[in-house]
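Visitor:
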Amino acid sequence: MRTKNPRLGSGQRGMVLISSLLLLLIITILGVSMFRSFSIQEKVAGNVREKQRALQAAEIAQQYAEWWLAQGNNSAVTPVLCNSLLSANLSQGQVCSNALNLTAIGGVTVSDRRVQQRLEQQHRQRQLRHQFGAGADSLVREHS
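Numbering of the sequence shown is given in this note's numbering, commencing with residue 4 and proceeding in unit increments.
1) Starting from the C-beta of Ile30, find all residues in its chain whose C-beta is less than 6 Å away, skip the five residues before and the five after it, and write them out in chain order.
2) Expressed to the nearest angstrom, what Euclidean distance is found between the alpha-carbon atoms of Ser40 and Lys46?
3) Counting Cβ pairs, one atom from each stretch, are 3 or more of them under 8 Å apart for the segment 119-129 and the segment 46-57?
4) Short of 7 Å in beta carbon distance, which residues of its chain neighbour Gln59, apart from the five on each side in sequence? Order them along the chain.
5) How many Å lie between Leu122 and Phe135 at the Cα?
6) Assuming Ile32 contacts His133 (C-beta within less than 8 Å), just tell me the rounded distance between them.
7) Rounded to whole angstroms, what is the Cα-Cα separation between Arg117 and Gln74?
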């Protein structure tokens with residue numbers, strides 16, 4: 004019968020445990036950094052989407068402003084009318100109004116509701132043309 008020498012194998016038993024713990028630690032760090040990079044990529048994608056939405060809204064607003072100016076609406080804008088003169092002794096502010104006087108356009112009274120409905124209709128038509136391109140003419144006629 005052979006007898007085992009206790010000194011030969013006793014020094015190597017803890018090395019496997021330490022190396023496996025180090026390997027587990029490295030894999031955990033890699034996993035955490037991978038999930039962190041995924042969350043950063045999601046934030047970047049969300050920011051890109053919001054940037055595109057803001058750009059599209061700005062382009063639509065610009066197209067609306069160009070259309071509004073092309074309709075000759077800028078010539079009907081009245082100057083700002085104020086109710087009182089400024090005084091250094093007044094403690095209250097000045098009350099002003101720059102409301103559009105619709106009766107001043109050719110002497111014809113125009114209903115605010117009709118003007119608003121027409122502007123909304125034209126805005127919807129522009130949105131359809133912008134969204135669907137050249138093939139949107141049939142959609143525009145359907146919604147008119």
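Yeah, the Cβ is synthetic: ideal placement off N, Cα and C, and Gly gets one too.
Guide: Answer, in terms of the structure:
1) none
2) 10 Å
3) no
4) none
5) 20 Å
6) Wrong, their Cβ atoms sit about 49 Å apart, outside the cutoff.
7) 16 Å
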